[in-house]
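In what follows, a single structure is set out as structure tokens and then discussed.
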Amino acid sequence: MHELGIANSILEAVRTEVARVPGRYATKVSLRIGEMTAVDPEALRFSFEILSQDTDLAGLQLEIEICPRRNRCEECGQEFTVRDYDIQCPQCGSLRTQFLSGDEFAFGYLEVEEYGTSSVGAQSTE
Ligand SMILES: [Zn+2]
Numbered sequence: 165m166h167e168l169g170i171a172n173s174i175l176e177a178v179r180t181e182v183a184r185v186p187g188r189y190a191t192k193v194s195l196r197i198g199e200m201t202a203v204d205p206e207a208l209r210f211s212f213e214i215l216s217q218d219t220d221l222a223g224l225q226l227e228i229e230i231c232p233r234r235n236r237c238e239e240c241g242q243e244f245t246v247r248d249y250d251i252q253c254p255q256c257g258s259l260r261t262q263f264l265s266g267d268e269f270a271f272g273y274l275e276v277e278e279y280g281t282s283s284v285g286a287q288s289t290e
């Protein structure tokens with residue numbers, strides 16, 4: 165299962181990041197996945213949960229942002245979202261359009277929290 169390996173790399177990357185900020189733990193990680201990648205978000209989410217449960221990263225939330233495929237028209241320069249594999253420019257009708265994005269696989273952000281700051285209003289202002 166392809167997604168299992170990906171989920172494992174994500175968790176490894178999160179561990180590396182968290183190790184750089186002592187006293188903090190990760191609460192949420194976000195990913196940007198282009199719709200052209202062959203990654204199944206639900207399978208990835210499932211693998212992520214399986215691999216993170218009962219570890220130091222248990223409870224870590226995974227947020228997945230799907231990035232649509234976008235093309236740019238060579239005739240008029242219009243950039244547009246490709247739907248149903250229709251690569252025709254919506255502005256001028258040209259079929260001469262180029263692939264722009266939609267195959268990315270990247271980290272969005274990682275949310276971390278400090279240990280022991282969960283009590284409300286515990287901020288000291290001495
Ligand atoms: Zn055009």
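In case it helps, our numbering puts the sequence shown at residues 165 to 290.
Even for Gly, the Cβ is constructed at its ideal location relative to N, Cα and C.
These figures come from a predicted structure and were not determined experimentally.
A heavy atom of ligand 1 is found nearer than 7 Å to the CB of Gln255.
Considered as a whole, the region 182 to 219 harbours 205 to 216 as its complete alpha helix (DSSP H) runs of no fewer than 4 residues, in chain order.
The beta carbons of Leu195 and Glu167 sit no closer together than 8 Å. Your pair Arg236 and Glu243 checks out as a contact, with CB atoms roughly 5 Å apart and the cut at 8 Å. In the three-state DSSP reduction, Leu226 falls in the strand class (E or B). With at least 16 other beta carbons inside 10 angstroms of its own, Ala190 counts as buried. Between Cys231 and Glu268 a beta carbon distance of about 6 Å is seen, short of the 8 Å cut, so the two are scored as contacting. According to the DSSP assignment, Arg260 belongs to no beta strand (DSSP E), since it is labelled neither H nor E.
A direct Cα-to-Cα measurement between Ile228 and Gln255 gives close to 30 Å.
Inter-residue distance for Ala183 and Pro205 is about 27 Å (C-alpha atoms, whole angstroms). C-alpha of Ile251 to C-alpha of Ile170: approximately 30 Å in a straight line.
When rounded, the separation of the alpha-carbon atoms in Glu275 and Gly187 is 14 Å.
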